[in-house]
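Engineer:
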Amino acid sequence: MDWGMKNRFSKIIRPEDGRCVMLAIDHGYFLGPTEKLENPKETIKPLLPHADSIMLTRGILRTSVSPEINVPIVLRVSGGSSIIGEDLSKEAIVTSIEEAIKLNASCLALSIFIGSKYESQTLGNLSKLVDDGERYGIPILAVTAVGKEMARDARYLGLACRIASELGAHVVKTYYCKDFTKVVESCPIPIIIAGGKKISEREALQLTFDAINDGASGVDMGRNIWQSDYPIAMIKAVKSIVHENYNFAEAYDLFLTESKAKIQNAF
Ligand code: R5P
């Protein structure tokens with residue numbers, strides 16, 4: 098890795114512990130105004146001091162985030178399909194590398210859809226983006242998107258993560274699953290996990306702990322943070338697991354303490 102690539106990468110995965118808390122707020126790119134992200138500015142602002150980086154599209158970055166922030170940007174550059182369109186996997190690169198540089202992105206994110214109709218197109222997108230990223234020293238996050246009909250098991254996710262690494266991605270986002278260590282062991286780049294659909298805070302923290310314990314390098318988490326009634330308490334608790342080695346019970350206790358304090362302060 099050259100200096101610029103290493104420098105940007107260190108803004109995504111903290112060099113001191115090899116971990117990251119990436120806040121995912123890119124959902125609107127195919128879901129539209131997702132619950133609690135209808136007004137992105139309002140949702141994002143209080144969470145910024147607690148996130149290592151934020152993952153979002155250029156549209157939400159420009160309209161809803163102040164350029165004076167000190168949080169690294171993971172720019173989602175793939176898209177072009179919607180939840181009601183022909184096929185979600187039919188994605189293209191929708192933001193140029195020059196635009197990403199202008200927006201001071203520290204990392205570029207793109208989805209790959211292994212096993213789907215447009216698998217080959219999305220893998221071609223990844224390869225092109227890796228070439229662009231290598232040219233300008235910007236690391237690439239491959240997002241292993243899972244079609245409705247795909248099983249989120251170690252065999253499938255292991256395949257997707259390994260292919261992402263073979264094509265040159267620098268970090269890969271996937272889902273936690275049974276036998277997750279097998280996915281980690283067969284992938285030579287850091288793996289971070291998505292939270293997925295909203296579940297209880299207790300379950301989401303257990304998921305985070307299990308993933309870190311099984312070798313994940315952090316989270317790229319969205320709905321289980323900002324769809325919580327206590328998003329700040331939640332991101333702090335997630336962070337305690339990722340960076341402070343809290344176990345599940347300690348992190349859940351922190352969540353309860355922080356959320357109770359918020360309730361008390363309201364009266
Ligand atoms: C999905 O492809 C989006 O890129 C999200 O960023 C990703 O799923 C992480 O968000 P969540 O934790 O809500 O699943």
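Quick note on this note's numbering: the sequence shown kicks off at 98 and runs consecutively. From the three backbone atoms N, C-alpha and C, an ideal C-beta is built for every residue, glycine too.
Got a sec, what are the start and stop residues for the beta strand (DSSP E) L226 sits in?
Structural biologist: Segment E216 to Y233 is the alpha helix (DSSP H) holding L226; no beta strand (DSSP E) there.
Engineer: Would the beta-carbon of G293 be found less than 6 Å away from any heavy atom of the ligand R5P?
Structural biologist: Under cutoff, so the answer is yes.
Engineer: Looking at the secondary structure, which residues open and close the alpha helix (DSSP H) in which R155 lies?
Structural biologist: Start and end: R155 to S161.
Engineer: Can you give the Cα-Cα distance for C258 and R232, rounded to whole angstroms?
Structural biologist: Rounded to the nearest angstrom, the two C-alpha atoms are 23 Å apart.
Engineer: Which value, in whole angstroms, describes the spacing of the CA atoms of F127 and G176?
Structural biologist: Rounded to the nearest angstrom, the two C-alpha atoms are 7 Å apart.
Engineer: Using only the heavy atoms of the ligand R5P, determine whether one of them is closer than 6 Å to the beta carbon of V240.
Structural biologist: V240 Cβ: within cutoff of the ligand R5P.
Engineer: CB A239 to CB V191, shorter than 7 Å?
Structural biologist: Taking 7 Å as the Cβ cut-off, A239 and V191 do not qualify as a contacting pair.
Engineer: Is C258 helix, strand or coil by DSSP?
Structural biologist: Correct three-state label for C258: helix.
Engineer: For the segment 305 to 312 against the segment 344 to 353, are there 3 or more C-beta pairs whose distance is under 8 Å?
Structural biologist: The answer is yes - the segment 344 to 353 touches the segment 305 to 312, with three or more Cβ pairs under 8 Å.
Engineer: Rounded to whole angstroms, how far is the Cβ of G292 from the Cβ of H124, which I believe are closer than 8 Å?
Structural biologist: Going by Cβ atoms, the distance from G292 to H124 rounds to 11 Å, so no, they are not a contact pair.
Engineer: Who are the near neighbours of N201 in its chain, counting only those whose CB is closer than 8 Å to its CB and skipping five residues on each side?
Structural biologist: Taken in chain order, the residues that qualify are I170.
Engineer: Between the Cα of L207 and the Cα atoms of I360, A189 and E135, which residue gives the shortest distance?
Structural biologist: Considering only alpha carbons, the answer is A189.
Engineer: Quick one: is the Cβ of M318 within less than 6 Å of any heavy atom of the ligand R5P?
Structural biologist: M318 Cβ: within cutoff of the ligand R5P.
Engineer: Compute the distance between the beta-carbons of S325 and E298, then report whether it is under 7 Å.
Structural biologist: Their beta carbons are under 7 Å apart, which means S325 touches E298 by this criterion.
Engineer: Pull up the CB-CB distance for L172 and L205, whole angstroms please, since I reckon it's below 8 Å.
Structural biologist: Their Cβ separation, rounded to whole angstroms, is 5 Å, which keeps L172 and L205 in contact under 8 Å.
Engineer: Under the three-state reduction of DSSP, which class applies to S175: helix, strand or coil?
Structural biologist: In the structure shown, S175 sits in a strand (DSSP, three-state: E or B).
Engineer: Which residues in the same chain have their Cβ closer than 8 Å to the Cβ of I109, if we skip the five residues on either side of it in sequence?
Structural biologist: Result list for I109: C117, M119, D149, S150, P169, V171, S203, C204, P236, L238 and V268, in chain order.
Engineer: I'd like the span of the beta strand (DSSP E) that includes L207, first residue to last.
Structural biologist: Start and end: C204 to I209.
Engineer: Between D149 and the ligand R5P, is there a pair consisting of the residue's CB and a ligand heavy atom that are separated by less than 6 Å?
Structural biologist: No; taking the cut-off as 6 Å, the Cβ of D149 has no heavy atom of the ligand R5P nearer than that.
Engineer: Taking only the alpha-carbon atoms, compute the straight-line gap between K103 and G234 and give it to the nearest angstrom.
Structural biologist: About 8 Å.
Engineer: Quick check: the Cα distance between S186 and H147, rounded to an integer number of angstroms?
Structural biologist: When rounded, the distance between both Cα atoms is 32 Å.
Engineer: Could you check which residue in S356, L145 and G315 has the C-alpha nearest to that of P112?
Structural biologist: Answer by Cα proximity: G315.
Engineer: Taking the alpha carbon of N167 as the reference point, which residue from T241, L144, S178 and S356 has its own alpha carbon closest?
Structural biologist: Of the candidates T241, L144, S178 and S356, the one whose C-alpha sits nearest the C-alpha of N167 is L144.
Engineer: Taking C-beta to C-beta, are A348 and L302 nearer than 7 Å?
Structural biologist: Cβ atoms of A348 and L302: closer than 7 Å.
Engineer: Roughly how many whole angstroms lie between the Cα atoms of C284 and S262?
Structural biologist: Cα to Cα, C284 sits roughly 7 Å from S262.
Engineer: In chain order, which alpha helix (DSSP H) runs of at least 4 residues are fully inside the segment 253 to 319?
Structural biologist: Segments of the alpha helix (DSSP H) lying fully in the segment 253 to 319: 277 to 282 and 298 to 310.
Engineer: Starting from M102, trace the alpha helix (DSSP H) in both directions and tell me its first and last residue.
Structural biologist: Looking at the DSSP string, the run of the alpha helix (DSSP H) that includes M102 is W100 to I109.
Engineer: Is DSSP giving T241 helix, strand or coil here?
Structural biologist: Reduced to three states, the DSSP call for T241 is strand.
Engineer: Residues in the same chain with beta-carbon distance under 7 Å from F306, minus the five sequence neighbours each way, listed in chain order, please.
Structural biologist: So the qualifying residues of the chain are I338, N344, F345 and A348.
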